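Undergrad:
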């Protein structure tokens, strides 16, 4: 009798395997919706699922189409609201903006943020060539406000990044902070360059890491504006981690299982650190008496707690004026938007652009900005 029950249950499971799988993916999609509202400090698993939102939504959309045209039509109205909301969330990754307006006067300024990966320093054979190509890109873009992460400076004249940028951009005002200095010669950090007068500057440091934020108060059209330049916690993958990611297949051995656990552990630690850093940055922004422009490499996607926290009360320039795919990570994993330009309601952005120059592991982002 028990054997018959087991066989009957097995037949039911096989018969409904498609629906069981579809509802499991739907469950993952719902968790990804909730991930920005759950701090990884309290519970980190939703953050992993939120990271995978673009892929989960793509799967659920395909399943929804299948349900729509097959015998599962009675399930349509269960899936439909989540699919609609998924399209709304996916606008954080892909924008149409057919009616993007233009600045009404010539007072709009260009703002740019770029993780330059130390100007390709560790490409030992061609680092000067890589550095010069980045310089040429920045010279052509000619931003009035430029926020650089993973900034590198060498004070012996062999790698004169600061002097060259000031000359190219006619941006005599610079705020740089170097938490890592080697032999009092090699400087690693973050920098904000601007064509406008700097009247105040400061930094936000995070415990136990070289990642940081700096803020720079500038005088813009007789108003004080605060520029935040952020570089949140990196995952800090080692060479073996990248080799594992690049060679992913379905033939997993014991060593690869161990490598995958190492990657998950690094991701978890980075998620938690970024959540703490985002809380500190958001608190600092909320206490600022001036309108703000918030730039940087957040190392987190729009379906993350860190992004939602920092974006509190601010406008995302990509959502306001971007078009097309917003991916800013130049690597093996597609659809990662982790670099941002946010701003107060006193500003309006135009023509948000993600550059496609293959000079770093990030693409530069820029937009025009004017007072509202």
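Residue numbers (my numbering): 1 to 372. The C-beta atom is built at its ideal place from N, Cα and C for all residues, glycine as well. In this text, all values refer to a predicted model and were calculated from it rather than measured experimentally.
For residue 46, which residues from the same chain have a beta carbon less than 7 Å from its beta carbon, with the 5 sequence-adjacent residues on both sides left out?
TA: Cβ neighbours of residue 46 beyond the five flanking positions: 31, 34, 35 and 38.
Undergrad: Counting along the chain, where does the beta strand (DSSP E) carrying residue 353 start and finish?
TA: Its beta strand (DSSP E) spans residues 347-354.
Undergrad: To the nearest angstrom, how far is the alpha carbon of residue 295 from that of residue 364?
TA: About 11 Å.
Undergrad: Given a cut-off of 9 Å, decide if residue 186 and residue 214 are closer than it, judged by their beta-carbon atoms.
TA: No, the Cβ-Cβ distance between residue 214 and residue 186 is not below 9 Å.
Undergrad: Where does residue 268 sit, in a helix, a strand or coil, going by DSSP?
TA: Three-state DSSP puts residue 268 in a helix.
Undergrad: Does the count of Cβ pairs from the segment 313-330 and the segment 341-361 closer than 8 Å reach three?
TA: Because the criterion of three Cβ pairs below 8 Å is met, the segment 313-330 and the segment 341-361 touch.
Undergrad: What are the partner residues of residue 138, as DSSP defines its beta bridges?
TA: Paired residues: none, contrary to the question.
Undergrad: Hey, residue 148 and residue 194: beta-carbon distance below 9 Å or not?
TA: No, these two residues do not count as a Cβ contact at 9 Å.
Undergrad: From this set, 292, 210, 199 and 42, which residue's C-alpha is nearest residue 219's C-alpha?
TA: Nearest of 292, 210, 199 and 42 to residue 219, Cα basis: 199.
Undergrad: So the beta strand (DSSP E) residue 177 belongs to, where does it begin and stop?
TA: From DSSP, the beta strand (DSSP E) with residue 177 extends over 173-182.
Undergrad: For the segment 68-92, which segments carrying the alpha helix (DSSP H) assignment without a break, of at least 4 residues, lie completely within its bounds, in sequence order?
TA: If we require 4 residues or more, the alpha helix (DSSP H) runs fully inside the segment 68-92 come out as 76-90.
Undergrad: Just confirm the distance between the C-beta atoms of residue 115 and residue 139, as a whole number of angstroms; I'd bet it's less than 8 Å.
TA: Not quite, the Cβ-Cβ distance comes to about 18 Å (not below 8 Å), so this is no contact.
Undergrad: What does a CB cutoff of less than 6 Å around residue 206 pick up in its chain, not counting 5 residues either side in sequence?
TA: Contacts found: 277.
Undergrad: Looking at residue 299 and residue 274, is the spacing between their C-beta atoms short of 9 Å?
TA: In this structure, residue 299 lies closer than 9 Å to residue 274 by Cβ.
Undergrad: Given residue 202, which residues of its chain have a CB within under 6 Å of its CB, disregarding the five upstream and five downstream residues?
TA: Same-chain partners within the cutoff: 215.
Undergrad: Along the alpha helix (DSSP H) that carries residue 217, what are the first and last residues, could you check?
TA: Looking at the DSSP string, residue 217 is not in any alpha helix (DSSP H); the run it does join, the beta strand (DSSP E), is 212-220.
Undergrad: How is residue 200 classed by DSSP in three states: helix, strand or coil?
TA: The answer is strand: DSSP assigns residue 200 an E or B state.
Undergrad: Can you check which of these residues, 56, 184 and 18, is closest to residue 70 by C-alpha distance?
TA: Closest by alpha carbon: 18.
Undergrad: Decide if the segment 87-97 is in contact with the segment 53-66; the criterion is three or more beta carbon pairs, one per stretch, under 8 Å apart.
TA: The segment 87-97 is in contact with the segment 53-66.
Undergrad: Below 8 Å on the Cβ atoms is my contact criterion, and I expect residue 211 with residue 231 to pass it. Report the Cβ-Cβ distance as a whole number of Å.
TA: Indeed, because the Cβ distance is near 5 Å, the residues count as touching under 8 Å.
Undergrad: If I follow the unbroken beta strand (DSSP E) through residue 21, where does it start and stop?
TA: Counting along the chain, residue 21 falls outside any beta strand (DSSP E), though it belongs to the alpha helix (DSSP H) covering 17-34.
Undergrad: I need the DSSP call for residue 151, collapsed to helix, strand or coil.
TA: Looking at residue 151 - three-state DSSP - the assignment turns out to be strand.
Undergrad: Using a 10 Å radius around the Cβ and a threshold of 16 neighbouring Cβ atoms, would you call residue 306 buried or exposed?
TA: Buried: at least 16 other Cβ atoms inside 10 Å.
Undergrad: Name the two residues that bound the continuous alpha helix (DSSP H) containing residue 119.
TA: Where residue 119 is concerned, the enclosing alpha helix (DSSP H) stretches over 117-120.
Undergrad: Less than 7 Å between C-beta atoms, sequence neighbours within five positions excluded: which residues of the same chain meet that for residue 76?
TA: Counting only Cβ-Cβ distances below 7 Å, and skipping sequence neighbours, we find 67 and 68.
Undergrad: Counting along the chain, where does the beta strand (DSSP E) carrying residue 39 start and finish?
TA: Premise fails: residue 39 is in no beta strand (DSSP E) and is neither H nor E.
Undergrad: Residue 230 bridges to which residues according to DSSP?
TA: 213 and 296.
Undergrad: In three-state DSSP terms, what is residue 130?
TA: Three-state DSSP puts residue 130 in a helix.
Undergrad: With DSSP as the reference, identify every bridge partner of residue 189, one or two as the case may be.
TA: BP columns for residue 189 point to 151.
Undergrad: Mind reading off the beta-carbon distance from residue 328 to residue 354? Whole number of angstroms is fine, and I expect it under 8 Å.
TA: The Cβ separation is near 6 Å, so the contact holds.
Undergrad: Alpha carbon to alpha carbon, what distance is there between residue 143 and residue 169?
TA: Distance between the alpha carbons of residue 169 and residue 143 is about 7 Å.
Undergrad: May I ask you to list the residues that DSSP assigns as paired with residue 95?
TA: Beta-bridge pairing links residue 95 to 324.
Undergrad: For residue 392, which three-state DSSP category applies?
TA: In the structure displayed, the chain extends from 1 to 372; residue 392 sits before or after that span and is not available.
Undergrad: State yes or no: is the C-beta of residue 49 within less than 9 Å of the C-beta of residue 28?
TA: Yes; because the gap between Cβ atoms is below 9 Å, this pair is in contact.
Undergrad: Nearest to residue 120 by alpha carbon, out of 159, 145 and 367?
TA: Per the Cα distances, 159.
Undergrad: Let me know the secondary structure DSSP gives residue 371 once reduced to three states.
TA: Three-state result, residue 371: strand.
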